[in-house]
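S.K.: Residue numbering for the sequence shown follows the numbering used here, starting at 9 and increasing by one per position.
Virtual Cβ for every residue (Gly too), placed ideally from N, Cα, C.
Please read through the structure below; I'll follow up with questions.
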Amino acid sequence: MANIKLMNNRLKFLWLAVLLLTLKTYLLYKVGFEISSENVLQEFILLINPLSSVILLLGVSLFFSGKKRNIIIIVTSFIGTLILYFNLIYYRFFTDFITLPVLFQTNNAKDLSSSVLGLLTFYDLFLLIDLIFLSILLLKNKIPTVQKVRKETMAIIALSILIFIVNLGIAQIERPQLLTRSFDRELLVKNIGTFNYHIYDAVIQSQSKTKRVFAESSDIDEIISYRSENYKQPDQDLFGLAEGKNVIVLSLESLQSFVINETIDGEEITPFLNKLIDESYYFENFYHQTAQGKTSDSEFLLANSMFGRDSGAVFFTQSGNTYNALPEILNGTGYYTSVMHANNKSFWNRDVMYDTLGFAHYFDINSYDVNESNSVGWGLKDKDFFEQSIELLKSQPEPYFTQFITLTNHFPFELGEEDRFINEFDSNSGTLNRYFPTVRYMDYAIEHFFERLKEEGMYEDSVFIIYGDHYGISQNHKKAMSQFLNKEEITDFDTVQLQRVPMFVHIPGHNEHAIKQTVSGQIDLKPTIMHLLGLETENDIQFGSDLFSPERDSYAVLRDGSFITDQYVYTKGACYSKPTGEEIDLSNCEPDMERAQQDLSYSDKLIYGDLLRFY
Ligand code: GP9
Ligand code: MN
């Protein structure tokens, strides 16, 4: 290599472009993704982590000579910018980075378009500055055209690999087992950079495809015995209490627990739900366990008592699997099973997945009269949705199990003036500000639904399972959130606590009611519902347990590996005391860490290997 000079005139333009794209990525990390670091080393990693892949990407140009080479430099730089920009838009919505399966969910991209506009800003145009600058240089003929030299090309590839190895080496010092154990995409991006992260993701995704091929029927045995050890007996008084009744499940869009029993300018945000607490079993420490699959993940958790995927949406990637899902089980006991949701049937691949899960019917947008005057944001307004659903409910044979998915309280939380019953909040986050009136509207729509069911005489014969599907306010709104919660700051501990969503079991005619403290999550819904309907679950493979079981452990694992017990909260590698929120020694959380990892990895193993086909 001694006689190759990489810093020569011939490569000037390439290096300039590499420098600009690297700096741009770094600036975007800081401004767009708001990635912070705890020490100088981390900051250094952040600065250099784009380098290896940027060199490789722009290095493609070295296979060309003359004018072409310089054009290729600009084109590849533009492609790099686009990758960053797509991630940025995605991040603004999901506080997360794109994964391959998400990219192939093009159906969703179409439906997301209304939200996407709200995520773009004028300042995004600044991302083009370096490209414009490079183009001007080129147009003014300031850049020499050169022939390709094979040795140079090889040297650049070698340099890129070398930088990557150094990068990874330092990152491993900062985060041991980064690539093998990480559940957290932000950590990956922080340490190996966006571009390398995408390559890593591609490798992981193809690995999961091969897992099914190599899975064996005996793989499931270990999981069966693990789950049967964790089986919890139902509460004898409640077992079968709802047998033969209609089951109405309300999946409430983006509803988080922090709005319950709170006010804006003295007005209750959820007056109806607040009242409903007094007539229900209400679970105060109930967590959503969804990841990128959002609503669809919560539906998956409910149907299967298994976790969705860590990345992508299981509704897409594993819709061909064999399951032992709740709708299918209920079909076998004489229930009519359905979903009502006024959206395109292909959104989240629901049409395909609902078939797989065993739903007898999906009342999608075509079952509803949706027009401009009864729509807002994502579509049909919740009140109209419930109103029109009454007739659909009546058309079903009884007993039925019907799942309703609301829509109005969806980001970007748009609402017409006539439906705004409380003021917006006043903070630096328009998203959080708008959230409260749309939550208030959803609460009003549910109240209307209950009234209508009562009028129609359909209320008494039903039991209601009502829960929030996932967070509505992402971590991008910490400042505004701390203002609402009257806190100095939102810590990682608080972020976990904010993943609580309301959960009600409402049984008309049942006189007992209570506010339950047991730590729990959406994974517990299936066994809870089954036991209420008098169905045994002892031989089912499920990762949750009946919320009413006297033997139940107070415990919930979130999809990113965080977990919560009565005493502790574990998240992002740190342990907190649950009562105080203070960070405490990690050893306190260690006993449960293994169990949490075990739950997630067994659940993943089942899904990736499609192991229930052997059961
Ligand atoms: C759309 C609705 C919202 O059909 O379920 O999906 P989400 O974006 O919340 O996953
Ligand atoms: Mn949702």
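Report the CB separation of W386 from L415 in whole angstroms; it is logged as a contact under 8 Å.
M.R.: Rounded, the Cβ-Cβ distance is 5 Å, consistent with contact.
S.K.: How would you write the range of the beta strand (DSSP E) that Y449 sits in, first residue to last?
M.R.: Here Y449 belongs to no beta strand (DSSP E); instead the alpha helix (DSSP H) covers 438–463.
S.K.: What would DSSP say about R18, mapped onto helix, strand or coil?
M.R.: Helix, per DSSP.
S.K.: So, Q505 versus H296, is the Cβ gap smaller than 7 Å?
M.R.: Not in contact: Q505 and H296 (Cβ atoms no closer than 7 Å).
S.K.: Can you tell me which residues form a DSSP beta bridge with Y290?
M.R.: According to DSSP, which records beta bridges pairwise, Y290 is partnered with F512, I523.
S.K.: Decide yes or no for the touch test of the segment 220–237 against the segment 60–71: beta carbon pairs closer than 8 Å, at least 3 of them.
M.R.: Verdict: no, contact absent.
S.K.: When we look at the beta-carbon of I82 and count the other beta-carbons within 10 Å, is it buried (16 or more) or exposed?
M.R.: I82 comes out buried.
S.K.: Look at the Cβ atom of V509, then the Cβ atom of Q264, and state whether they are nearer than 7 Å.
M.R.: Yes, they are a contact pair.
S.K.: Just curious, the beta strand (DSSP E) that N254 is in, first and last residue?
M.R.: It spans 254–260 - the beta strand (DSSP E) in which N254 sits, taken as one unbroken run.
S.K.: Identify the continuous alpha helix (DSSP H) that holds G88 and give its terminal residues.
M.R.: Element bounds for G88: 74–102.
S.K.: Can you tell me the Cα-Cα spacing of L24 and I164, whole angstroms?
M.R.: Cα to Cα, the separation comes out at about 14 Å.
S.K.: Within a Cβ cutoff of 8 Å, which residues of the same chain sit near N332, ignoring the five residues on either side of it in sequence?
M.R.: Only N312, D548, I549, L620, Y623 meet the Cβ criterion.
S.K.: So, are the CB atoms of F105 and R193 less than 7 Å apart?
M.R.: Their beta carbons are under 7 Å apart, which means F105 touches R193 by this criterion.
S.K.: So is the beta-carbon of T303 under 6 Å away from any non-hydrogen atom of the ligand FMN?
M.R.: The model depicted lacks the ligand FMN and carries the ligand GP9 and the ligand MN instead.
S.K.: Let's see if you can read the secondary structure: which residues bound the alpha helix (DSSP H) around Y576?
M.R.: Counting along the chain, Y576 falls outside any alpha helix (DSSP H), though it belongs to the beta strand (DSSP E) covering 576–579.
S.K.: Check each candidate in Y475, R18, I79, M601 and name the one with the smallest Cα separation from I268.
M.R.: It is Y475.
S.K.: Using the C-alpha atoms, what's the distance from F429 back to F371?
M.R.: C-alpha separation (whole angstroms): 29 Å.
S.K.: State the Cα-Cα distance for the pair I277 and P445, rounded to the nearest angstrom.
M.R.: Spanning the two alpha carbons is a distance of roughly 8 Å.
S.K.: Is A522 near Y208, with beta carbons less than 7 Å apart?
M.R.: No, they are not a contact pair.
S.K.: Please confirm whether any heavy atom of the ligand GP9 lies closer than 6 Å to the CB of T421.
M.R.: According to the sequence shown, residue 421 is Phe rather than Thr. Flag unset: Cβ of F421 not near the ligand GP9.
S.K.: Just the C-alpha distance for G617 and S609, rounded to the nearest angstrom, thanks.
M.R.: Using only the alpha carbons, I get a separation of about 12 Å.
S.K.: Would you check whether the ligand GP9 has a heavy atom nearer than 6 Å to the C-beta of N17?
M.R.: For the ligand GP9, not one heavy atom lies less than 6 Å from the Cβ of N17.
S.K.: For T2, count neighbouring Cβ atoms within 10 angstroms of its own Cβ and tell me buried if that reaches 16, exposed if not.
M.R.: The structure shown does not extend to residue 2, since the chain is modelled only from 9 through 623, so no value can be given for it.
S.K.: Could you work out which residue in L555, E544, P184, P335 is closest to K524 when comparing CA atoms only?
M.R.: Of the listed residues, the one whose Cα sits closest to K524 is L555.
S.K.: Just reading off the beta strand (DSSP E) that M348 is part of, what are its end residues?
M.R.: Counting along the chain, the beta strand (DSSP E) containing M348 begins and ends at 344–348.
S.K.: Would you call the segment 593–600 and the segment 322–336 in contact, with 3 or more CB pairs under 8 Å?
M.R.: Verdict: no, contact absent.
S.K.: Do F101 and the ligand GP9 come close, with the Cβ less than 6 Å from some heavy atom?
M.R.: It does not: the Cβ of F101 is nowhere closer than 6 Å to a heavy atom of the ligand GP9.
S.K.: So, at 6 Å on beta carbons, what are the nonlocal neighbours of L96 in its own chain, with the 5 sequence-adjacent residues on each side left out?
M.R.: The answer, listed in chain order, is G40.
S.K.: Buried or exposed: which applies to K198, given that a residue is buried once 16 or more other Cβ atoms fall within 10 Å of its Cβ?
M.R.: That one is buried.
S.K.: Buried or exposed for I144, please, with buried defined as at least 16 other CB atoms from any protein chain shown within 10 angstroms of its CB.
M.R.: Burial call: exposed.
S.K.: Could you tell me the boundaries of the alpha helix (DSSP H) in which G67 lies?
M.R.: It spans 59–67 - the alpha helix (DSSP H) in which G67 sits, taken as one unbroken run.
S.K.: Quick one, which of I53, T33, V157, L133 has its alpha-carbon nearest L14's?
M.R.: Here the closest residue by C-alpha is V157.
S.K.: Nearest to T103 by CA position, among L310, H485, F294, is which residue?
M.R.: Considering only alpha carbons, the answer is H485.
S.K.: Would you decide whether I140 is buried or exposed? Buried here means 16 or more other CB atoms lie within 10 Å of its CB.
M.R.: With fewer than 16 Cβ atoms within 10 Å of its Cβ, I140 is classed as exposed.
S.K.: Give the DSSP-derived three-state secondary structure of V471 in the structure shown.
M.R.: Reduced to three states, the DSSP call for V471 is strand.
S.K.: Using the Cβ count rule (16 or more neighbours within 10 Å means buried), how would you classify V48?
M.R.: By the neighbour-count rule (16 or more Cβ atoms within 10 Å), V48 is not buried but exposed.
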